[in-house]
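Single-structure report; data block below.
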Amino acid sequence: MANRGGRGGRPVFDRRRRGGGRMPASRRLRMKGSSSGTRSGMSELTTGRRVRESRLPSGGHGGILDGFAPRIRARTPGLRAAALPETSSSLAFVRDALAPTYRIERLLGSGGAATVYLALDTKHERPVAIKLLRGELTGTDGATRFVREIHVAARLTHPNIVPLLDSGSIGSTPFYVMPFVEGESLRGRLDRDRRIPLHEAVALTGEVADALDYAHAAGIIHRDIKPENILLLSGHAMVADFGIARAVTRAVNDTNVTSQGFVLGTPAYMSPEQAVGTDEIDRRSDVYALGTVVFEMLCGCGPFSSPSARALIARRFTETAPRVSSYWPEVPAHVDDAVAAALAFEPDDRPATAGALARMLSGTATPVPTSATATARTQSGLRRAPTISDAGMPSVAVLPFTNLSGDPQNDYLSDGITEEVMTTLSRLRTIRVAARSSSFAFKGRNVDVRSIAEQLGVTSVLDGSVRLSGQRVRVSAQLVDAHTGFQMWSDRIDRSFDDAFAIQDDIARAISDALSVTLLQASTTATRDHVAGAVYELYLRGRFALNKRTETDLHAAARFFEEATGEDPEFALAFAGLADALLMLGVYGAEPAASVMPRARAAAERALAIHPALGEAYATLGSVRALFDWDWAGAEDAFQRAKALSPRYPTAWQWSALNLLLPTGRLDEARAAIDRARALDPLSMVVATSVGAVYHLSGDLGGAVRALRRAMEIDSGFVMTHYFLGGALRDAGDLVGAEASLRTAIDKSGGTPEMLAALAQTHARSGRRDEARTLLRALTSTAATRHVSPCLAAQVHAALDEPDLAIEALARAADARDPEIVFIGVRPAYAPLRSDPRFVALRERIGV
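Using our numbering, the letters of the sequence shown map in sequence onto residues 175 to 1022.
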């Protein structure tokens, strides 16, 4: 291994020195002066969770800075500090100093490094957290350097980063301002639950990795990743205090000559190279800290522990980090290996990026991408997709525009323009847009704007109306601040129908101006300046039919999209819509897969040839590759591209969970992906029901039943929820409840083949074999006149203990590339067949 000593005094990291022997003298000297605390209290105070004490204890949750603060004071007697004790008088002083820009509400807490106040940003009427650093750390000159350094961090804009809103100084006391996040820190969650379930830990790590990769690309190393700095909002992670450690460290070292080598960080999470004070740490130091956080989430404790910070750091140099499997023997091997790689002593032996670590944890990585072998995925646009959060990011719900024409046949136009406005806005990384299904749940309902905003988690609401008169389209729209109820923007747009395609762009520009964000080149016109009015009408009619999801409407949607693409062969969105309609016809069993899936693939590929950044088309392509082509690597690539290009497109997460992750047995990832889809589209019945399906097939029957019953609270009339609930109850052993749910589904829908097969299985489990056979004959009769998946007969035969007939039906399904066959490895109905060599051979053939 290369010796890196001699590079500006950089310490030599040689694993041969890490036996049980004595630490090299150079390392002992560089560590001298570390504090006894093992955690820093700087940032968990930004969360809305009430701190139990107004002052954090220096022994347990104080940070390494607690030990340095008195040391700096002792070494620099001439330093005039502006330390602010937590007294009513200092609170009054801070109030006066920051007024009128900020109105201090109360003291949130204090640690060794900072005092944190809850305040109101009076200009924007929003709560913020203001952190005042200890003035004795920097002095007046250092405060100026701090403000200059922190400007770098202020440029970071990412959904998983708590943004820096403002900074400045009160005398020699620097301060910075962040949003006040209503939630808790990961530290609070760990203190309460001790461990985090694997699928949730993997999802949270992915979100933190997104933030780190983004910041690292901007040249910013966090230097203090720990549970206190990871805030949880609606189940998603946001990283706080980016750039703070660097700014404080440089301010202290520049101002106080005797404090050269000062390091801000937290010993329990600090990499070996950071612990010895080298200035040359890079992103792999953050990877080490993130690995330590993952270890704690999975094991309930850190990899190293000690009563003092000095001893804690020393253990990194004298011991190899334990493996997760030493605490949790059942941990998946790839997770165990991923954490061990992140905690490698040598930076070169760690994953080269946080995203690489996240992919290793999720099981999607190839061999460990160290710094010598890492690919540039984060620079090529294929990094993990950013996820939702609403702290510090403008967010909007676009409600269904009202059709004022008086003709219900024109609903396609009002709904279509609404959807196109949503799509245009959702392509902006600087605005979070509520998903279509959730927003359309309010169609025709008279609901208060504040209530809508609360349910959808947005800060503003856009609604409007559409009137079609002859060849003119008039759209009136208004944007309302959900907090105040005040109108932020309104306008009326009057265009000829031939120009209607540009309406969504006009509205998107106005909304971006009103929300003070930058409008990127993200138009749904897919790089087109103009689409003929007749073609646009065909496209909107296709979208309108597609969203109804019935067999008849899916056929109609396909016809509309085919006409649109025939008239305009460069219209990417119409090809994407056609791909979706054909895919759904195959998935829903309305048409044989062989007749629609190749056409769906061709349409998606054509859409991407015209417009390579169309994430929605990649999601469709990924589904075809998985369900029909059995090209699992190709499906993985397509879904990753879909999520990178359209990170807030819930269908990409839903379809990746159902069509890729479940069939291939990546069950924790499937649950994490479907949970992400639900967070993006909380009122979608399709997504809510899919949550139950994913939990069912991943083995969590209790979670499936709970999810499906929660879905019924949204809409008890959604037929498929009753169907999926019946299946989950049956496999959970509640045969009476299963039959009741399935009969409700059949009564409401007339009974699809899937529902009849599910009821037949329930009868077979109940010993009512004759009734099961009667339903099986009905399936066979139906198959003579329309497509019926052979897998349905296989499931009934398996329940009737007829393995030969079941295997024969499954073989027919495989020959036909029936989409249902890919679930052969996870569907409980096939449990009696799993040891049959013919069944094993089928799984190998499919690749699952």
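C-beta: ideal position from N, C-alpha, C; glycine also. If you're wondering where the values come from, they're calculated on a predicted model, not measured in any experiment.
Item, Value
"Less than 8 Å between the CB atoms is what I'm expecting for Ala793 and Thr825, so what's the real figure, rounded?", "6 Å"
"Contact check, Ile591 vs Val649 under 8 Å by CB: the rounded distance?", "6 Å"
"Is Glu358 helix, strand or coil by DSSP?", "strand"
"What did DSSP end up calling Gly195 once you bin it into helix, strand or coil?", "For Gly195, the predicted structure reports a pLDDT of 38, less than 50, and the residue's modelled location is therefore unreliable. The matter cannot be settled from this model."
"The alpha helix (DSSP H) that contains Asp727, what's its start and end?", "725–741"
"Shortest alpha-carbon distance to Val705 belongs to which of Ala738, Glu356, Arg606?", "Ala738"
"Going straight from the alpha carbon of Thr289 to that of Ser480, what length do you get?", "27 Å"
"Tell me which residues share the same chain as Val468 and place their Cβ nearer than 6 Å to its Cβ, disregarding the 5 neighbours each side in the sequence.", "Thr379, Val513"
"Beta-carbon within less than 7 Å of Leu835's beta-carbon, same chain only, minus the 5 sequence neighbours each way: which residues are those?", "Glu843, Ala844, Ala847"
"Does DSSP put Pro477 in a helix, in a strand, or in coil?", "coil"
"In three-state terms, what does DSSP make of Leu219?", "Its pLDDT being 36, under 50, Leu219 is placed unreliably in this model, and the coordinates cannot settle the point."
"Looking at Arg369 and Met471, is the spacing between their C-beta atoms short of 8 Å?", "yes"
"Tell me the residue span of the alpha helix (DSSP H) that contains Leu841.", "841–854"
"Can the beta-carbon of Arg269 be found less than 8 Å from the beta-carbon of Thr296?", "no"
"Are the Cβ atoms of Ile304 and Val336 separated by less than 8 Å?", "no"
"Measuring alpha carbon to alpha carbon, tell me which residue in Pro993, Glu447, Thr633 is nearest Gln661.", "Thr633"
"Would you mind sorting Arg822 into buried or exposed? The rule is 16 or more other CB atoms within 10 Å of its CB.", "buried"
"Go through its chain and collect everything with a Cβ distance to Ile667's Cβ below 6 Å, but skip five positions before and after it.", "Val649, Ile677, Asp680"
"Apart from the five residues on each side of it in sequence, which residues of its chain come closer than 6 Å, Cβ to Cβ, to Arg490?", "Pro446"
"Locate the beta strand (DSSP E) running through Arg822, then write down its first and last residues.", "Where Arg822 is concerned, there is no enclosing beta strand (DSSP E), given that its DSSP letter is neither H nor E."
"Apart from the five residues on each side of it in sequence, which residues of its chain come closer than 6 Å, Cβ to Cβ, to Ala938?", "Ala946, Ala973, Leu974"
"From the DSSP output, in three-state form, read off Gly283 for me.", "strand"
"Taking only runs that begin and end inside the stretch 933–986, name each unbroken beta strand (DSSP E) of 3 or more residues, in chain order.", "none"
"Looking only at its own chain, which residues have a Cβ that is under 7 Å from the Cβ of Ala199, when we skip the five neighbours before and after it?", "Per-residue confidence for Ala199 stands at a pLDDT of 34, beneath the threshold of 50, marking its modelled position as unreliable; the derived number appears in the next sentence. Around Ala199: no qualifying Cβ."
"Give a single yes or no on whether Val336 has its beta carbon closer than 7 Å to a heavy atom of the ligand SAM.", "Questions concerning the ligand SAM fall outside what the structure shown contains, since it holds no ligand whatsoever."
"If we ignore side chains and look at the alpha-carbon of each, how far apart do Leu854 and Ala608 end up?", "7 Å"
"By the three-class DSSP mapping on this structure, what secondary structure does Leu306 have?", "strand"
"Output yes or no for whether 8 Å exceeds the beta carbon distance between Val623 and Ala656.", "yes"
"Which runs of the beta strand (DSSP E) at least 3 residues long sit entirely within the stretch 624–691? Give them in chain order.", "634–643, 646–655, 661–670"
"For the putative contact between Leu720 and Ala750, defined by C-beta atoms under 8 Å, what is the C-beta separation to the nearest angstrom?", "Incorrect: roughly 11 Å between the Cβ atoms, too far for contact."
"Decide yes or no for the touch test of the stretch 982–992 against the stretch 888–897: beta carbon pairs closer than 8 Å, at least 3 of them.", "no"
"Quick check: the stretch 708–715 against the stretch 573–580, are there 3 or more CB pairs under 8 Å?", "no"
"Quick one: grab the DSSP three-state call for Ser892.", "It should be pointed out that residue 892 corresponds to Phe in this sequence rather than to Ser. Note: Phe892 maps to coil in three-state DSSP."
"Does DSSP classify Arg610 as helix, strand or coil?", "helix"
"Return yes when the Cβ of Gln814 is within less than 8 Å of the Cβ of Ser864, no when it is not.", "no"
"Distance, Cα to Cα, Pro582 vs Phe614?", "16 Å"
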